[in-house]
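In what follows, a single structure is set out as structure tokens and then discussed.
Residue numbers (the working numbering): 5 to 220.
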């Protein structure tokens with residue numbers, strides 16, 4: 005991101021800084037110093053918001069965020085966060101059995117974490133670590149309100165868009181209009197019908213298919 009910003013600054017300098025010999029040096033200083041501070045500050049806000057915490061530290065990066073990223077390889081990223089937001093965990097949930105802890109996240113998983121003992125143990129261990137952090141910050145439960153505002157329920161997925169543009173080629177714009185409605189308010193729940201259609205993991209036939217399973 006920093007390199008991209010510097011490239012943009014160099015391009016802008018050709019137009020707005022051509023008469024100022026110090027423009028490039030000033031821009032470089034902002035990108036190399038101010039941007040880094042701003043980036044890490046905003047990243048901390050994003051991470052604590054997604055997890056419903058009051059504060060964020062470098063220790064949280066190491067003990068909560070990095071272990072979570074390893075776990076997310078077996079989950080749909082967007083659905084995981086939304087299920088976590090709606091999970092109703094409290095610090096008392098730390099004492100629940102592993103199976104009960106991970107059940108709210110099964111919908112986001114590409115494997116059966118309820119039957120996979122090792123996977124279930126890994127996920128429940130992370131949940132307890134997260135809830136322990138909540139307790140250390142003096143909160144009884146993660147802020148669901150904060151999490152729901154930080155974790156969208158719907159995002160544009162390539163397998164959705166393929167149908168939209170194929171239908172449009174046949175002059176059927178209904179799918180396009182439906183997706184437009186969905187993405188205008190991606191944090192809303194929407195109707196049961198739309199949830200069944202679009203709040204789901206990548207369909208089996210599209211998984212691993214370039215240009216459909218992921219952006220290419």
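Using N, Cα and C, we set each Cβ at its ideal position, and we do this for glycine too.
Ordered along the chain, which non-local residues of its own chain (more than five positions away) have a Cβ less than 8 Å from that of residue i?
i           : result
residue 148 : 56, 89, 90 and 92
residue 151 : 53, 54, 55, 56, 85, 88 and 89
residue 192 : 157
residue 17  : 27, 28 and 31
residue 50  : 154
residue 177 : 171
Give me, in chain order, the residues of the same chain whose beta-carbon lies closer than 6 Å to that of residue i; leave out the 5 immediate sequence neighbours on both sides.
i           : result
residue 131 : 105
residue 195 : none
residue 71  : 130
By the three-class DSSP mapping on this structure, what secondary structure does residue i have?
i           : result
residue 19  : helix
residue 71  : helix
residue 79  : strand
residue 108 : helix
residue 5   : coil
Using beta-carbon positions only, say whether residue i and residue j come within less than 8 Å of one another.
i           : j           : result
residue 79  : residue 45  : no
residue 3   : residue 117 : Outside the shown range of the chain (5 to 220) lies residue 3, about which nothing can therefore be said.
residue 5   : residue 43  : yes
residue 141 : residue 58  : yes
residue 68  : residue 139 : no
residue 15  : residue 35  : no
residue 173 : residue 216 : no
Using a Cβ-Cβ cutoff of less than 7 Å, which residues in the same chain neighbour residue i once the five nearest sequence positions on both sides are dropped?
i           : result
residue 183 : 164 and 168
residue 190 : 156, 157, 158 and 159
residue 135 : 93, 95, 97 and 98
residue 75  : 126, 127 and 130
residue 48  : 60
residue 111 : 83 and 87
residue 39  : 6 and 9
residue 137 : 57, 64 and 68
residue 179 : 167, 168 and 171
residue 81  : none
Below 8 Å on the Cβ atoms is my contact criterion, and I expect residue i with residue j to pass it. Report the Cβ-Cβ distance as a whole number of Å.
i          : j           : result
residue 83 : residue 205 : 6 Å
(request) Decide yes or no for the touch test of the stretch 119-128 against the stretch 25-32: beta carbon pairs closer than 8 Å, at least 3 of them. (result) No: fewer than three Cβ pairs fall under 8 Å.
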